[in-house]
Every structure is written in structure tokens, then in C-alpha cells.
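Worksheet: one structure, shown below.
This is the structure we're talking about:
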């Protein structure tokens with residue numbers, strides 16, 4: 073697929089606002105065709121229109137051809153660019169044509185906010201004129217590769233829909249070799265694939281697993297909005313029948329109630345034992361859908377398709393599934409291995425910035441607890457750590473997936489080394505529980521937990537203060553929250569006791585012993601923990 | 073332990089009613105000491121009392137010594153037999169002394185119903201006299217091996233408490249070699265032990281598994297009433313701390329709500345990941361507690377201690393756990409292997425007759441679908457098939473456990489041969505669902521399901537009519553219900569479609585191909601099933 077995106081749509085659909093946001097995430101240049109025309113012509117579009125519409129259209133066609141020769145590029149076209157058959161052919165041949173669709177109300181409101189009406193809407197009854205224009209041009213917009221709803225008042229959401237739609241249709245390619253990571257569990261071996269563009273080949277990959285053509289996609293409202301139209305289009309194209317179960321986005325969906333609702337829908341749809349469940353989404357969807365797959369009919373095939381960084385590097389790997397108890401996170405769950413984990417870093421192009429940062433909490437956990445080389449590599453790139461470049465994302469995700477897969481295949485049930493993956497999680501879980509799940513994102517809590525636990529290790533003399541500072545600096549570069557919520561240290565300590573790692577009433581801490589090295593300890597005095605938390609909060 | 077039971081208790085506590093019921097289950101003779109005295113003396117006890125209380129007591133002591141020389145025997149003593157130190161010493165030395173405890177109201181009501189008041193209660197204010205007698209004798213009854221509540225208006229329940237109390241304390245021994253059946257699953261091997269008297273050594277056996285001293289027993293109201301006092305006494309004696317979670321008896325407890333309540337209690341008690349859950353009870357408790365163990369903290373150690381025949385031969389073996397969905401039985405569940413299955417056939421001495429019979433539904437299933445030798449062995453013993461003799465129960469249970477363990481270790485996830493264990497279950501589950509879970513017991517539904525499915529096989533020409541008749545005859549001997557509930561055949565057929573074995577919308581039937589042999593078929597025409605059901609119902 074060529075690296076060109078053409079945004080088309082009527083006046084007021086938000087092409088000019090959306091294009092730079094799309095381009096920023098991709099790291100591509102962008103151009104606004106109308107601005108380019110005005111710049112080259114040395115006059116405004118209303119002036120050109122008043123003089124000669126024909127001349128304007130000819131210039132528009134010429135400049136579209138000019139920008140379509142650039143690559144990569146995001147182009148916000150003018151509203152009428154689609155009228156010309158040759159223009160549409162050109163855009164199709166050169167890249168992806170995405171139509172932004174809005175209601176007349178949205179369009180008129182936006183156009184009004186910009187100043188005087190443009191020529192085609194001027195002269196009274198702007199809304200009537202806009203509606204007639206829509207009627208006339210609808211067949212041309214329908215030729216777009218895909219159409220998105222652009223009514224959202226948050227322009228980033230509109231841009232995310234464009235990016236996600238591209239990813240879900242395999243329209244954002246990159247020259248990055250895919251990485252296949254085997255998880256050699258004795259009874260349930262499977263592969264994790266980290267491949268830029270994988271989401272665009274999802275139907276094909278599911279078919280290759282030999283699963284029946286009927287399946288159920290479990291996702292959440294946010295992810296459904298972004299990826300579902302593209303994914304369903306693929307499934308339909310491949311002759312698959314997909315039932316979709318959509319849960320509200322957010323940690324609150326990891327509940328007994330939501331799980332029950334999923335069972336109801338699976339039973340109502342007569343989802344059978346051999347048919348797959350696709351967990352399409354972030355950690356919440358993966359845990360919830362994974363647990364539903366583990367327990368519906370005592371287990372049906374599960375495919376993880378993680379769409380957040382946190383899910384891609386951590387939660388989709390290793391077979392942990394579960395839901396929360398009102399009194400304890402992940403208190404109810406099962407170890408259940410998927411048939412495959414299909415990771416597409418391109419899905420992260422549409423990921424909210426905060427969610428990108430929280431994913432880095434787990435990445436830095438891997439580095440700090442297990443992988444000194446990765447830690448130093450990240451330190452060296454600290455300035456651009458949050459980049460979404462294909463090679464960068466693919467390599468980091470694959471590295472973490474490999475680390476986790478390796479540990480999980482040695483210790484599926486967390487009896488030994490797998491416990492080290494809980495670095496930052498004892499305090500982290502306590503913070504999540506005390507602030508109410510969803511206030512702090514999980515990865516944010518892990519960042520804070522690691523900061524606290526590194527200080528505990530420091531106080532115990534296990535690591536030098538310099539190492540705590542290095543971890544802090546790297547965390548800051550990756551977008552760690554800087555302040556621990558104002559909670560009583562005693563309450564935090566108390567909340568650590570319901571942790572699943574507790575043995576004989578004693579909390580099992582995971583503490584660093586150096587860069588990329590950690591161990592577990594059950595002999596950390598309560599007073600020391602409270603002291604550390606108090607001192608850290610005082611900063 | 074010697075095979076003698078001495079029932080002691082005040083007048084009206086039900087010794088004479090209870091003794092024959094206890095003896096019948098054990099297949100032991102029984103004797104009523106007061107009747108024996110009257111017989112030997114040739115006069116009534118009121119007459120002897122009127123003449124000389126001392127002489128009565130001497131004769132009582134002499135005859136107690138005489139019957140205490142018999143073995144086995146159940147003795148209903150007279151109310152005052154415990155007054156004599158030598159009598160109590162004799163009973164303790166000779167066997168088990170069980171005290172029946174009732175309220176004054178119960179006692180007076182029972183004594184009144186028998187006719188005139190006995191000498192010690194005659195002369196007015198019978199209840200006051202009874203209460204004073206209780207006060208006086210309480211210390212002697214307290215010396216009993218155990219005390220049970222004998223207020224129940226159903227005398228069989230009182231007898232069951234005696235029998236269960238004996239079993240739970242290891243007081244019913246028999247010279248039957250225990251059978252140890254390995255379940256060699258690659259990742260989770262464990263042993264099933266079938267051992268008469270095992271319940272009396274439960275604490276010791278749990279300790280031998282190397283589990284922590286803290287554990288949780290999950291049981292139901294019926295089983296708690298029977299076995300819990302004895303089991304808890306053992307645990308306490310062994311220094312173990314056992315939390316008990318008791319659910320209402322019955323299939324309705326296999327619900328999301330009851331499961332949630334169990335999670336709440338486990339979390340409230342801070343049950344930790346290494347601590348064991350003991351599933352003490354029948355199939356419902358095994359499935360529910362097993363599923364709780366499978367999913368609490370993603371899995372804690374589970375020990376099955378089945379107390380019904382159905383649970384001992386079938387549901388406790390093989391790792392299936394789960395709960396019901398309102399629309400589909402066992403729709404929610406997990407495969408989860410226990411650390412051990414501890415089977416004590418002596419627990420069945422206190423099992424309700426109907427529950428004993430339903431257990432035979434699954435035993436005949438093994439014979440009919442898998443084991444021709446067992447089938448013929450059962451046919452040869454059809455007349456005494458429902459005996460509770462130690463050797464008989466132990467050998468049959470061990471045979472079935474071995475059959476199931478062998479199939480499960482070849483096919484843990486029911487991808488192949490394990491499916492044959494579902495003989496009788498397609499129609500059986502449909503009948504259970506349509507009549508409302510708990511109306512038909514599971515084993516009863518399996519009996520009926522096998523009858524229907526044998527007829528389907530017959531109609532398909534897979535087996536001769538004579539074989540259907542043999543299966544019917546054996547089922548009848550084992551107490552199968554004789555009539556299918558009056559349900560529309562179309563409704564039964566429809567209900568089979570939600571079965572977990574369904575593939576591509578087609579029901580996978582398990583059908584016999586001979587004695588001790590079966591296969592699966594998905595090509596059974598709907599009309600044939602309806603025809604068979606209609607013809608069978610018409611009988």
C-alpha cells in the first residue's frame with residue numbers, strides 16, 4: 073500500500089483539522105490542497121471562484137497530481153475535488169481515500185465558526201445548499217476506501233478513526249520484518265506474532281488457525297469505534313460470520329455482571345465449543361474475554377488481538393485471564409492459553425497518548441527487572457522513547473513479548489521466576505485499589521509502584537541510590553506520572569496484603585538487585601515500607 | 073475399631089427407633105437392651121422397677137455385657153445404662169458410644185405417643201422429671217464418643233447422623249484393601265484413593281499432601297449436618313484451621329450468585345493461593361467448589377472428598393468443574409485437576425436411598441458404554457446391586473474410578489474417547505433442563521437418557537432389541553425411574569441442541585454399539601429421535 077492518505081469530504085467535515093493530526097501520529101508531512109491552491113494562485117478561493125470556477129478546478133486537479141507524487145503524505149483535499157473522475161482515479165491509484173462524513177448541523181456549525189460562508193454556501197439557506205451538495209456528491213464519497221463518522225467534537229478522535237480504519241484494513245504498511253515468538257508450553261504451544269499491518273490480515277490469520285467460520289469478537293466501545301468496521305469488513309470478505317459483544321470501555325467492565333452478560337450473549341448466539349473468541353482490545357478486554365473463553369463450555373479457542381501498548385507487551389501474553397472482585401483486583405480468574413496472539417503495532421497509531429505512556433510502565437518494568445541491555449538501550453533513546461515509528465514499536469514490543477514468553481514457558485503458573493514480572497505491582501495494585509480502579513491506569517500505577525519499590529530496595533541496601541535515580545529518569549522520559557496519590561502510607565501497606573502473592577500473611581515483594589535484575593523478599597518490615605512511602609510522598 | 077455401636081440417651085431420645093435403621097444400613101444385627109431384659113425376666117420393666125430398681129440395674133449390666141460380646145452389633149441401651157461406671161467403661165472398650173440428644177419437648181412428645189409414662193417419669197410433671205434426669209445424667213452422656221442431635225422427626229435422618237458421625241471419625245472399619253488409582257496427567261498427576269474409612273483419616277491425608285494448615289471446606293447443608301462435626305473435630309485435633317463455607321443443598325447452588333458468595337467469603341477470610349479448598353459433598357459441591365478453586369486467585373489447591381455415590385464414581389474424577397447458566401447446565405466451567413480425590417465408600421452408609429440409586433445411573437453408564445465385563449458382573453448380582461457392603465461398594469467405585477481416570481488421562485479435554493462418558497447425557501441433560509434442575513436427579517436423568525439413547529441406537533440398527541432389554545433390566549435392578557416425564561418429544565429434541573457437544577449446529581450423540589461399547593454419531597435424523605421418544609413415552 074502506498075503511503076498517501078487523501079481525506080475527502082464536504083465543507084465542514086473537518087479535513088483540514090484532521091489531516092495534521094493523522095500526519096503527526098504517522099510522522100508524515102501533510103498538505104491542505106485549498107491552501108496550496110491559494111498560495112500558488114496568490115489569491116483566495118472565493119476570489120478565484122468569482123472569476124472562474126473552471127480555472128479553479130483545473131488548478132485543483134494539477135496540484136492534486138503534484139502532491140500525489142509526494143510520499144509519504146497526508147492530503148486534505150477541497151470539498152469538490154471528488155467531482156472530477158480523474159481526481160478520484162488518481163487518489164485511488166496513489167493511496168487511500170478516506171471520506172469524512174458529518175451531519176448538516178455539524179458542518180454548518182463548523183463553517184460558521186470559521187467566518188463568512190465559502191462561495192458554494194453563500195447567498196442564504198446555507199444548510200439547504202449544503203444538503204443539496206451532499207446529495208449530489210454522495211456517490212463520489214461512496215467510492216472512498218472507507219468512510220468515517222467525523223462528527224466528534226474532539227478532532228483527535230476523528231484522526232484516530234482514520235488511523236484505526238487504515239490499520240484495520242491493512243492500509244498502513246511499513247518495511248519492518250515481522251517477529252514470530254514461539255511460546256513452547258508443553259500442552260498448549262502457540263505463537264505470538266508481532267507484525268506491522270497484522271490487523272489488516274486478521275481474517276486470513278484466523279482462517280489459517282483452522283478455526284470454524286463462526287466466531288465471536290469481544291471488544292469494548294472505544295475499540296469497536298476504531299477498529300470494528302474494518303475488521304468486520306475483512307471477516308465478511310472472507311465469508312466469516314462474526315458475532316460481536318461490546319462492553320463499556322474501562323476497568324469497571326472486569327466485573328461478574330459484565331461476565332454474566334457475555335455468557336448470556338454467547339449462549340443466546342449458540343456459540344459452540346470449537347468456535348473462536350477474538351479478544352480485540354486492551355488489557356480489560358483481554359482479561360475479560362480471555363476469562364469468558366476459559367470458562368464458557370469449560371474453554372473455547374481464544375485469539376488475543378491486543379490494541380493497546382500495555383496489552384501488546386504484557387497482558388495478552390502468558391495466559392492470565394480474570395475479572396475483579398469488588399475487594400480485590402483479578403481475584404477471580406484462570407490461567408488459559410490462547411491459540412495465538414496477533415500483535416499489530418500499527419494499531420497503536422490511533423492509541424490515546426495517555427494509554428501509550430501507561431504501556432511504557434510495563435516496558436520499563438521488563439527492562440528494570442529482567443533486561444539490563446534493554447534498560448540501557450531505552451536510556452540511550454530516552455528523548456524519542458514515545459515515538460510511534462514502525463521499527464521502534466515493533467522491536468520494543470517483540471523484545472518484551474519474547475522476555476515474557478520465555479519466562480511464562482518456564483513458569484506458567486507463577487511458581488517461580490514469573491513472579492519477577494510483578495515488579496512494581498504490589499504497591500501498584502494497592503494504589504489502583506485505593507484510588508478506585510480506573511482512576512490511575514494500570515501502567516501508571518506500575519510506574520509509581522516501581523518508584524516506591526526501588527526506594528524500598530534502596531533502603532534495604534539492595535541497590536545504590538544512583539540506580540533509583542536512573543529508573544526515575546527513564547520513567548519520566550516514558551511519561552510516568554510524577555506524584556503518588558495523597559493516600560495514607562498505612563492504608564497503602566494494608567492494601568498490599570490482599571495481593572495474590574501473599575503467603576502466610578506476609579507480602580512477597582519483588583525488589584530490584586541491580587539494573588535488569590530482581591528477586592523476591594518476604595522480610596520487608598512494615599515500618600520500612602511506611603517510611604519509604606512517607607518520605608517519597610513528602611518530596 | 074470394633075464393630076459395635078451403643079446408642080445411649082434419655083428416654084424419648086429415639087434409641088430404639090434409630091438402632092434398627094443404623095443396623096439395616098450396616099447389614100448388622102441390632103438389639104434393644106430393655107426388650108431383651110423384659111424377655112429374659114419374663115416381666116415388664118415397670119413391673120421390675122416396682123419390685124427392685126437394684127435388681128433391674130444388675131440385670132441390665134449383665135445383659136449389656138452379654139450383647140457387648142457379640143460383633144457386629146448395634147445396641148439400643150436403656151436410658152439409665154450410662155449411670156453405671158462399669159457399663160460406660162464396657163461400652164467404650166467394646167465399641168463406639170453414641171449419645172442421642174433431644175429437647176425436653178421432643179422427648180415428652182415421643183414418650184407420650186408410646187402410651188403410659190415409664191416409671192421414672194410417672195407421677196406428674198413428667199417434663200420436670202425428664203429435665204432433672206437430664207441434668208443428672210449429662211456428664212455421663214458427655215463421655216460418649218460423639219453426640220448427635222436426635223430431634224429430627226424423620227428417624228432415618230437421625231440414623232444417618234449416627235452413621236455419618238461414625239464414618240467421619242473413622243469408627244466404621246472393614247477389612248477391605250484400599251485401591252489407589254493414579255491419574256497420570258502430564259502436568260498435574262494425582263491419585264484417587266478409594267478406601268473404606270478414609271474420611272476418618274482426612275486431616276492426616278491432607279497433611280500428607282503438604283498443604284498449609286489453613287484451609288477452607290466447602291460443603292452443603294445436608295453434608296455439613298452429617299459429616300462436618302466429625303471432620304472438624306479431626307482438623308482441630310491435627311492443629312488445622314478450617315474455614316467452612318456452607319451452601320444450600322441442591323442443584324440451584326450451582327449458580328453465579330452462590331459462586332459470588334463463595335468468592336466473598338474466601339476474600340473475607342483471606343484464603344491464600346497455596347491454601348487448599350476441600351470440596352466435601354456430592355456433585356453439586358464438587359462442581360461448585362471445584363470451580364471456585366479453579367478460579368479464585370487463578371487457582372488454589374483442590375481436594376475432592378465426594379460423599380455421594382454419583383460424586384464418587386463420576387463427578388469428582390476428571391477435573392470438570394462448573395456452574396449452571398439459567399439457560400444451559402454446566403455452561404460455565406473449567407477443567408481443573410484436584411491435588412487428590414479421597415473416596416470413602418463408608419460415607420455412603422448415610423446416603424439417602426434415592427441418591428444411592430441415582431449414583432447407579434452413572435455406574436451402569438460405564439458398564440454399558442465401556443465395560444462389558446462390568447455389565448455382566450452387575451447383571452449377575454442384580455438382586456443385591458444396591459447393597460452397601462464394604463467390599464461391594466469399594467470394588468464397584470474403584471472400578472468406575474479407574475475407568476474414568478484411564479479415559480481422562482488419555483483425553484483430558486474431551487476431544488475424543490472421553491466423549492463416550494456422555495452416554496445417556498444428551499437426552500438426560502435435556503430432561504433435567506426441561507423439568508427444572510433438581511426435579512430429576514442427574515443420575516435419574518442419565519438412566520432415562522440411556523434408555524432413550526439405547527432405543528435410538530436400536531432404531532438405527534446399531535444394537536439388537538435384546539440389548540436394549542438387558543440394559544433396561546439392569547437399570548431397573550439399580551433403581552432407575554421407570555417413566556420419562558410427560559414432555560413433548562419436540563421440546564426434548566430442541567433442548568438437546570444447547571448441549572456442549574454440539575458441533576456446527578448438529579448434536580453429537582453417544583450411542584451404544586454393543587454391550588460395553590459405544591461411538592459418537594452426528595447424523596441422527598430429528599424425526600427418528602422424536603419417533604423413539606414418542607414410542608417410548610407411549611409404553
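Residue numbers (our numbering), protein chains in the order written: chain A, 73 to 611; chain B, 73 to 611. Cβ coordinates follow ideal geometry from the N, Cα and C atoms, glycine included. Source: prediction; values computed, not measured.
> Given that residue 392(A) touches chain B, what residues does it touch there, using C-beta distances under 9 Å?
Replying inline: Ordered by position in chain B, the residues that pass the 9 Å Cβ test against residue 392(A) are 370.
>> Tell me the residue span of the beta strand (DSSP E) that contains residue 200(B).
In response: That residue, residue 200(B), is in no beta strand (DSSP E); its alpha helix (DSSP H) goes 198-213.
>> I'd like to know if residue 262(A) contacts chain B, where contact means its C-beta is closer than 8 Å to some C-beta of that chain.
In response: With 8 Å as the cut-off, residue 262(A) does not count as an interface residue toward chain B.
>> Which same chain residues end up closer than 6 Å to residue 104(B) when comparing Cβ atoms and leaving out the 5 residues on each side of it in sequence?
In response: Answer for residue 104(B): 88 and 148, listed in chain order.
> Looking only at DSSP bridge pairs, what is residue 79(A) linked to?
Replying inline: Beta-bridge pairing links residue 79(A) to 148(A) and 170(A).
> Going along chain B, which residues have a C-beta under 9 Å from residue 409(A)?
Replying inline: By Cβ distance, chain B contributes nothing, its closest Cβ being about 12 Å from residue 409(A), past 9 Å.
> What beta strand (DSSP E) runs, 3 residues minimum, are completely inside the segment 80-152 of chain B?
Replying inline: Whole beta strand (DSSP E) segments, 3+ residues: 102-104 and 145-148.
>> Quick check for students: name the residue ranges of the alpha helix (DSSP H) that lie wholly in the segment 522-610 of chain A, counting only runs of 4 or more.
In response: List check, alpha helix (DSSP H) in window: 537-549, 561-568 and 598-610.
> For residue 531(B), which residues of its own chain have a beta-carbon under 8 Å away from its beta-carbon, when the five flanking residues on both sides are left out?
Replying inline: The answer, listed in chain order, is 600, 603 and 604.
> Can you list the residues of chain C that residue 405(A) reaches, using a CB-CB cut of under 9 Å?
Replying inline: Looking at the structure shown, chain C is missing, and the protein chains on hand are A and B.
> Quick one, are the C-beta atoms of residue 17(A) and residue 266(A) less than 8 Å apart?
Replying inline: Since the displayed chain A opens at 73 and closes at 611, residue 17(A) lies outside it and no answer follows.
> Are residue 299(B) and residue 360(B) touching if we call contact CB-CB under 8 Å?
Replying inline: No. Outside cutoff.
> Could you give the C-beta distance for residue 377(B) and residue 473(B), rounded to a whole number, given that I count them as a contact under 8 Å?
Replying inline: About 14 Å; that fails the 8 Å criterion.
> Since residue 328(B) is in the beta strand (DSSP E), which residue starts that stretch and which ends it?
Replying inline: Run containing residue 328(B): none in the beta strand (DSSP E); it sits in the alpha helix (DSSP H), 328-340.
>> For residue 375(B) and residue 480(B), which I take to be in contact (beta-carbon distance under 8 Å), what is that distance rounded to the nearest angstrom?
In response: Between residue 480(B) and residue 375(B) the Cβ distance is about 17 Å, and since that is not below 8 Å, they are no contact.
> Any C-beta of chain B sitting closer than 8 Å to the C-beta of residue 479(A)?
Replying inline: No, residue 479(A) does not count as interfacial toward chain B.
> Exposed or buried, what is residue 476(A) when buried is set at 16 or more other beta-carbons lying within 10 Å of its beta-carbon?
Replying inline: When all chains shown are included, residue 476(A) counts as buried.
> Under three-state DSSP, which class holds residue 315(A)?
Replying inline: Reduced to three states, the DSSP call for residue 315(A) is strand.
>> Would you call the segment 279-297 of chain B in contact with the segment 339-347 of chain B, where contact means no fewer than 3 C-beta pairs closer than 8 Å?
In response: The segment 279-297 of chain B vs the segment 339-347 of chain B: in contact.
> Given a limit of 7 Å on CB to CB distance, which residues of the segment 297-328 of chain A reach chain B?
Replying inline: Those would be 328, in chain order.
> Enumerated in chain order, which unbroken segments of the beta strand (DSSP E) with a length of 3 residues or greater are wholly contained in the segment 395-428 of chain A?
Replying inline: Counting whole runs of 3 or more residues, the segment 395-428 of chain A contains the beta strand (DSSP E) stretches 400-407 and 412-415.
>> Can you list, in chain order, the residues of its chain with a C-beta nearer than 7 Å to that of residue 400(B)? Leave out the 5 residues immediately preceding and following it.
In response: Counting only residues of its own chain and dropping the five nearest sequence neighbours on each side, residue 400(B) has a CB closer than 7 Å to the CB of 570.
> Is there a Cβ from chain B that is less than 8 Å from the Cβ of residue 96(A)?
Replying inline: At a cut-off of 8 Å between C-beta atoms, residue 96(A) does not count as an interface residue with respect to chain B.
>> If we require 3 or more residues per run, which beta strand (DSSP E) segments fall completely within the segment 338-394 of chain A?
In response: Segments of the beta strand (DSSP E) lying fully in the segment 338-394 of chain A: 348-353 and 374-378.
> If we cut at 8 Å on Cβ distances, does residue 399(B) have a partner in chain A?
Replying inline: Yes, contact with chain A.
> Quick one: which chain A residues come within Cβ less than 8 Å of residue 335(B)?
Replying inline: Chain order gives the chain A residues near residue 335(B) as 397, 403 and 404, where near means a beta carbon separation below 8 Å.
>> Using the Cβ count rule (16 or more neighbours within 10 Å means buried), how would you classify residue 423(A)?
In response: Residue 423(A) is buried by the Cβ-count criterion.
> Taking Cβ-Cβ distances shorter than 9 Å, what residues in chain B pair up with residue 258(A)?
Replying inline: Neighbours of residue 258(A) on chain B, chain order: 258 and 259.
>> Does chain A have any CB closer than 8 Å to the CB of residue 265(B)?
In response: Taking CB atoms only, residue 265(B) has no neighbour in chain A less than 8 Å away.
> Between the segment 248-264 of chain B and the segment 461-472 of chain B, do at least 3 Cβ pairs fall closer than 8 Å?
Replying inline: The segment 248-264 of chain B and the segment 461-472 of chain B touch, with no fewer than 3 CB-CB distances between them shorter than 8 Å.
> How many angstroms separate the CA atom of residue 194(B) from the CA atom of residue 228(B)?
Replying inline: Whole-angstrom Cα-Cα distance: 29 Å.
>> So, at 6 Å on beta carbons, what are the nonlocal neighbours of residue 454(A) in its own chain, with the 5 sequence-adjacent residues on each side left out?
In response: So the qualifying residues of the chain are 549.
> How close, in whole Å, do the beta carbons of residue 693(A) and residue 332(A) come, if the pair is a contact with beta carbons under 8 Å?
Replying inline: Since the first residue shown for chain A is 73 and the last is 611, residue 693(A) is missing from the structure and cannot be characterised.
> Based on the DSSP output, what are the partners of residue 619(B) in its beta bridges?
Replying inline: Because chain B in this structure spans residues 73 to 611, residue 619(B) falls outside the shown range and cannot be described.
> Which chain B residues are close to residue 339(A), counting only those with a beta carbon under 8 Å from its beta carbon?
Replying inline: Within 8 Å Cβ-Cβ: 397, 399, 400, 403 and 570.
>> So, with DSSP's three-state summary, where would you put residue 289(B)?
In response: Residue 289(B) falls in the strand class under three-state DSSP.
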